[in-house]
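Reviewing the structure listed below.
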Amino acid sequence: MKYDVAIIGAGITGAALARELSKYELNIILLEKEIEPAFGVSKSNSGIIHSGTQNPSDSLKGKLCVEGNRLMREEIAKDLGLNFIQCGQLITAFDEEEKKKLFEIKQEGEKLGVPGLEIKDRQWLNKNEPNLSKEVIAALFSPSAGIISPYRYVYALIENATDNGVILKTESKVLAIEQKGPKDFEIKTEKEYFKTSFVVNCAGLYAQEIAEMIGIKDIKIVPRKGEEYLLDKKRENISNHIIFPLPSKNSKGILMIKTSDGNPMIGPTAHEIEDKEDLSTTENGLNEVLEGVKRMIPSVDKSDIIAYFAGLRPSCGKDFVIRYEKNRDGFLNMAGIQSPGLTAAPASAAYAADILFKNGLSCAKKKNFKKYRQRPIHLFQIPLSKTEELIQKDPSYGDIVCRCEMVSAMEIRQAIKRGAKTLDGIKFRTRAQAGRCHGGFCTSRIMKILSEELNISPLEITKKGKNSNIIKRIK
Amino acid sequence: MKEREIVIIGAGPAGLAAALGAKDKGAKDILIIERDQYLGGILNQCIHNGFGLHRFKEELTGPEYAQRYADMVKSAGIEISDRTFAVKITNKKEIFCLKPGEMMKLKAKAIILATGCRERTREMIPIHGFRPSGVYPAGLAQKMINIEGWIPGEEAVIIGSGDIGLIMARRMIFEGMKVKAVIEIMPKSRGLRRNIRQCLEDFSIPLYLSHKVTKIHGKERVEKVSVCKVDESFKEIKDTSFDIKCDTVLVSVGLIPENELLEAAGGLIDKKTNSPVCLKPYQTSIEGIFSCGNCNKVYDLVDWVSRDSYEAGGLAAMYANGELK
Ligand SMILES: Cc1cc2nc3c(=O)[nH]c(=O)nc-3n(C[C@H](O)[C@H](O)[C@H](O)COP(=O)(O)OP(=O)(O)OC[C@H]3O[C@@H](n4cnc5c(N)ncnc54)[C@H](O)[C@@H]3O)c2cc1C
Ligand SMILES: Cc1cc2nc3c(=O)[nH]c(=O)nc-3n(C[C@H](O)[C@H](O)[C@H](O)COP(=O)(O)OP(=O)(O)OC[C@H]3O[C@@H](n4cnc5c(N)ncnc54)[C@H](O)[C@@H]3O)c2cc1C
């Protein structure tokens with residue numbers, strides 16, 4: 175069989191494109207090298223649905239960011255049952271010089287179409303952001319910005335896409351692509367061969383390697399590392415908005431971030447590195463983050479930190495590179511999807527789909543496209559009275575597995591039914607093991623449930639796929 | 067909302083002893099709430115000897131010690147609700163619990179918190195580097211080996227020389243693993259002398275004092291750790307760094323009292339220790355809410371947990387029938 179489109183990479187970019195194209199009468203395959211989707215850049219970022227400020231007004235990423243933000247607010251959160259929280263953002267100024275810059279950022283944002291921008295004075299800040307440093311004299315308020323769980327966003331897109339016929343193949347690393355003619359490709363993965371008319375490269379940090387497979391040499395991905403540190407949920411109300419300093423040359427700076435699960439987060443750093451797998455955190459990174467954020471919110475304390483991670487922005491120059499390769503008819507690159515790639519994803523997908531249609535992909539709409547995806551239930555998101563009703567219907571909602579984050583056996587089983595295969599997959603979907611004890615209490619129980627549901631031995635259970643097994647022997 | 071005289075949260079050694087103390091001081095209606103399906107708390111995974119020397123004048127294993135108390139509680143006719151997880155308490159002494167098929171709502175005259183503690187994690191130190199599989203809190207490794215029979219790896223390094231880390235060193239040797247080193251940042255071990263002798267020296271396991279792990283390596287599974295010597299202010303001493311190859315890292319860097327229920331109800335918590343602020347012994351800042359065992363302060367010996375918790379239970383009973391001023 176020949177597919178119409180093969181999408182390489184099941185991060186946010188590939189997932190959003192898969193869902194977009196699943197609205198049409200097309201045979202689509204989504205190929206992912208990892209054991210689960212969202213294990214690349216899309217799992218380790220700030221989770222901000224940016225408003226679009228801090229981007230040049232003539233940039234592609236700026237335009238797609240503003241549109242992606244609108245789509246989230248007006249359609250996607252509702253259609254896909256996502257916990258999007260529109261908390262708004264503040265960019266802070268510490269002196270008159272900086273305040274002038276706020277006006278410039280405001281103007282540039284307005285050119286891009288960012289709605290509702292306003293400069294707020296000290297009085298407003300006293301009332302609406304009480305923990306903010308008294309040294310901040312003004313801030314640019316951007317009401318359309320918000321937060322989301324990035325991996326759950328990817329899972330939602332993929333669940334809806336596969337519900338609409340997209341075929342997802344995980345543990346399917348693309349090793350070679352052969353172009354046999356115009357709109358005629360053969361893709362070789364670790365296990366199989368696939369024929370397809372169109373190929374879309376959404377491989378994140380590895381977009382360069384994929385492009386090189388068909389001889390495209392001008393895509394150079396430079397990883398830029400960002401370390402992030404999560405604070406205890408007890409500090410949930412440390413800020414009411416996402417708080418930024420003025421942007422620097424190559425990043426938006428160290429932020430006070432809110433997350434949709436409650437834990438505040440501080441970061442990220444921005445340093446170019448060489449190794450595309452170097453997700454290590456460092457003492458220097460931690461110090462840089464603490465220093466940066468304490469300038470804005472002095473009460474942040476090192477002892478509030480309960481978790482940390484690093485992510486790598488797949489940068490390729492200053493902007494996204496979404497480009498149809500005329501000399502490789504049928505091949506579309508979506509490379510250099512650095513920040514704000516999470517926000518832009520649905521808009522990038524629509525933009526990419528349009529390019530494909532212009533180049534001959536059939537655009538007959540599906541009559542029975544299923545727009546909605548059923549929202550998974552998370553006890554930590556609902557009041558106890560609701561939990562009580564659920565338990566009466568289904569007893570295993572009352573069987574709490576993760577005590578720090580209150581996750582029931584039912585939620586873990588549901589996550590597995592929706593595709594979780596690993597401990598990290600369970601963590602990303604349900605928050606079990608993501609709290610203050612880091613799985614000290616619940617890991618063995620989760621392993622037993624995984625082993626039962628997937629019918630595998632505990633020996634085969636991994637943290638995040640190949641070679642990350644948890645145990646070596648059973649007595 | 068069901069009214070009860072005394073509700074105890076947690077059926078570890080603290081909760082069990084508190085129940086007996088309350089009963090002996092005249093409480094008629096006692097309910098113990100326990101998340102797990104068995105009684106005895108953390109003792110169930112401590113299959114080594116050394117419990118009960120003071121309390122019973124004999125050397126018992128953890129489960130044996132737990133069994134004695136479970137038997138006493140049962141023969142005293144005290145009610146236990148197992149697989150029941152207390153999710154919320156209030157300053158009006160209401161208790162909300164989840165169990166399979168049911169949400170229990172109770173109102174007590176006195177509450178006794180006996181929820182134990184959790185382990186500090188690598189994230190809290192923090193130990194930098196990669197986050198592969200193979201890094202476990204020591205208590206989790208103990209549970210995997212002793213309760214599930216799951217052996218986590220081949221070659222381990224242990225971070226921290228507290229008693230749990232020491233006991234796990236010996237345990238892993240017994241299970242055929244290699245223990246390459248114990249790394250302790252302090253100039254002296256916090257562990258009991260007899261544990262250092264019986265768990266490390268007898269097996270020639272090196273203990274590196276005034277050393278710390280600076281980085282965990284390995285993208286999928288742990289491959290090695292970087293270790294260096296530290297000065298009095300715990301800063302790395304230049305040119306002392308070396309690597310130890312291993313596939314498993316146990317983190318045994320202390321325990322933290324679990325007091326999130328109390329904190330959410332508005333009770334005062336000492337920021338440094340995470341213990342409740344108690345003006346009088348075992349009495350939290352919320353009147354009628356008592357605290358004992360490891361959630362009150364971290365104990366080394368279970369014998370003292372039992373002794374003190376028995377007393378706390380008695381106080382709660384006196385409070386409930388109006389005898390405590
Ligand atoms: C620290 C940090 C903070 C950020 N914060 C934000 C933010 O707040 N808001 C925002 O909008 N954006 C943010 N971003 C940017 C955002 O995370 C990225 O733009 C986005 O996740 C990129 O998604 P992607 O799908 O293009 O890449 P990825 O998620 O990396 O997806 C690519 C996928 O391709 C797979 N793959 C690679 N090679 C192959 C192969 N040969 N065969 C098969 N599959 C392959 C990978 O395994 C991966 O799953 C941040 C980024 C970082 C690093
Ligand atoms: C790993 C380890 C090894 C040890 N080794 C020794 C030793 O060798 N010798 C020695 O004398 N002492 C030892 N100790 C110390 C001793 O075992 C402890 O001090 C003692 O078990 C503490 O008792 P506890 O009842 O306070 O806590 P735990 O034993 O931890 O019991 C707490 C109970 O509360 C339950 N619980 C918690 N929260 C809730 C909730 N919200 N709802 C319902 N139930 C809840 C838990 O499930 C648990 O059963 C060790 C301790 C540990 C952690």
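In order, the protein sequence lines correspond to chains A and Y.
Under our numbering, the first residue of the first sequence is numbered 175, with each subsequent residue one higher.
Under our numbering, the first residue of the second sequence is numbered 67, with each subsequent residue one higher.
Glycine residues also receive a C-beta, built at the ideal position from the N, C-alpha and C atoms.
Chain Y contact for residue i (CB, 8 angstroms cutoff)
{"i": "A:Ala-481", "result": "yes"}
{"i": "A:Ser-454", "result": "yes"}
{"i": "A:Lys-637", "result": "yes"}
{"i": "A:Thr-604", "result": "no"}
{"i": "A:His-415", "result": "no"}
{"i": "A:Glu-457", "result": "yes"}
{"i": "A:Ile-648", "result": "yes"}
{"i": "A:Cys-611", "result": "yes"}
{"i": "A:Gly-614", "result": "yes"}
{"i": "A:Met-430", "result": "no"}
{"i": "A:Glu-210", "result": "no"}
{"i": "A:Glu-402", "result": "no"}
{"i": "A:Glu-451", "result": "yes"}
{"i": "A:Met-439", "result": "no"}
Distance cut-off 7 angstroms: residue i Cβ against heavy atoms of ligand 2
{"i": "Y:Val-368", "result": "yes"}
{"i": "Y:Glu-324", "result": "yes"}
{"i": "Y:Leu-321", "result": "yes"}
{"i": "Y:Asn-340", "result": "no"}
{"i": "Y:Gly-107", "result": "yes"}
{"i": "Y:Cys-66", "result": "Outside the displayed range of chain Y (67 to 391) lies residue 66 of chain Y, so it cannot be described from this structure."}
{"i": "A:Leu-553", "result": "no"}
{"i": "A:Tyr-198", "result": "no"}
{"i": "Y:Tyr-202", "result": "no"}
Counterpart residues of residue i in DSSP-defined beta bridges
{"i": "A:Arg-398", "result": "A:Glu-446, A:Arg-487"}
{"i": "Y:Lys-171", "result": "Y:Phe-162"}
{"i": "Y:Arg-287", "result": "Y:Ser-199"}
{"i": "Y:Glu-185", "result": "Y:Leu-321"}
{"i": "A:Glu-360", "result": "A:Glu-352, A:Lys-369"}
{"i": "Y:Pro-342", "result": "Y:Ile-335"}
{"i": "Y:Glu-221", "result": "Y:Lys-244"}
{"i": "A:Ile-181", "result": "A:Leu-204, A:Val-374"}
Buried or exposed (CB count within 10 angstroms, at least 16 for buried), residue i
{"i": "A:Ile-329", "result": "One detail in the question is off: residue 329 of chain A reads as Tyr in this sequence, not Ile. Buried, since its Cβ has 16 or more Cβ neighbours within 10 Å."}
{"i": "A:Asn-300", "result": "exposed"}
{"i": "A:Leu-598", "result": "Checking the displayed sequence, the identity of residue 598 of chain A turns out to be Asp instead of Leu. By the neighbour-count rule (16 or more Cβ atoms within 10 Å), A:Asp-598 is buried."}
{"i": "A:Asp-406", "result": "buried"}
{"i": "Y:Arg-188", "result": "buried"}
{"i": "A:Lys-354", "result": "exposed"}
Within-8 angstroms CB hit, residue i to chain A
{"i": "Y:Glu-214", "result": "yes"}
{"i": "Y:Met-234", "result": "no"}
{"i": "Y:Lys-165", "result": "yes"}
{"i": "Y:Val-364", "result": "no"}
{"i": "Y:Glu-168", "result": "yes"}
Closer than 7 angstroms: residue i CB and nearest ligand 1 heavy atom
{"i": "A:Ile-384", "result": "yes"}
{"i": "A:Gln-588", "result": "no"}
{"i": "A:Cys-490", "result": "no"}
{"i": "Y:Arg-184", "result": "no"}
{"i": "A:Phe-615", "result": "no"}
{"i": "A:Leu-379", "result": "yes"}
{"i": "A:Ser-218", "result": "yes"}
{"i": "A:Glu-402", "result": "yes"}
{"i": "A:Gly-185", "result": "yes"}
{"i": "A:Lys-347", "result": "yes"}
Any non-hydrogen atom of ligand 4 within 7 angstroms of residue i CB
{"i": "Y:Asn-212", "result": "Ligands displayed in this structure: ligand 1 and ligand 2; ligand 4 is not among them."}
> When you check each C-beta in the region 547-578 of chain A against every C-beta of chain Y, which residues fall closer than 7 angstroms?
Replying inline: Taken in chain order, the members of the region 547-578 of chain A whose beta-carbon sits within less than 7 angstroms of a beta-carbon on chain Y are Leu-558, Thr-561, Glu-562, Ile-565, Pro-569, Ser-570, Gly-572, Asp-573, Ile-574, Arg-577.
> What residues in the region 617-644 of chain A have a beta carbon less than 9 angstroms from any beta carbon of chain Y?
Replying inline: If the cut-off is 9 angstroms between Cβ atoms, the region 617-644 of chain A has Thr-617, Ser-618, Met-621, Lys-622, Pro-632, Leu-633, Thr-636, Lys-637, Lys-638, Gly-639, Lys-640, Asn-641, Ser-642, Asn-643, Ile-644 near chain Y.
>> Residues of the region 308-336 of chain Y in Cβ contact with chain A at a cutoff of 7 angstroms, in chain order, please.
In response: Taken residue by residue, none of the region 308-336 of chain Y has a beta-carbon sitting less than 7 angstroms from a beta-carbon on chain A.
>> So if I threshold CB-CB distances at 7 angstroms, which residues from the region 284-307 of chain Y count as touching chain A?
In response: Correct list: Lys-285, Glu-286, Arg-287.
>> Residues of the region 200-224 of chain Y in Cβ contact with chain A at a cutoff of 7 angstroms, in chain order, please.
In response: If the cut-off is 7 angstroms between Cβ atoms, the region 200-224 of chain Y has Pro-203, Gly-205, Leu-206, Lys-209, Met-210, Glu-214, Gly-215, Trp-216, Ile-217, Pro-218, Gly-219, Glu-220 near chain A.
> Which of the residues in the region 172-200 of chain Y, read from start to end, lie with their CB under 9 angstroms from any CB of chain A?
Replying inline: For the region 172-200 of chain Y, the beta-carbon criterion of a distance under 9 angstroms to any beta-carbon of chain A is satisfied by Arg-184, Glu-185, Thr-187, Arg-188, Glu-189, Met-190, Pro-192, His-194, Gly-195, Phe-196, Arg-197, Pro-198, Ser-199, Gly-200.
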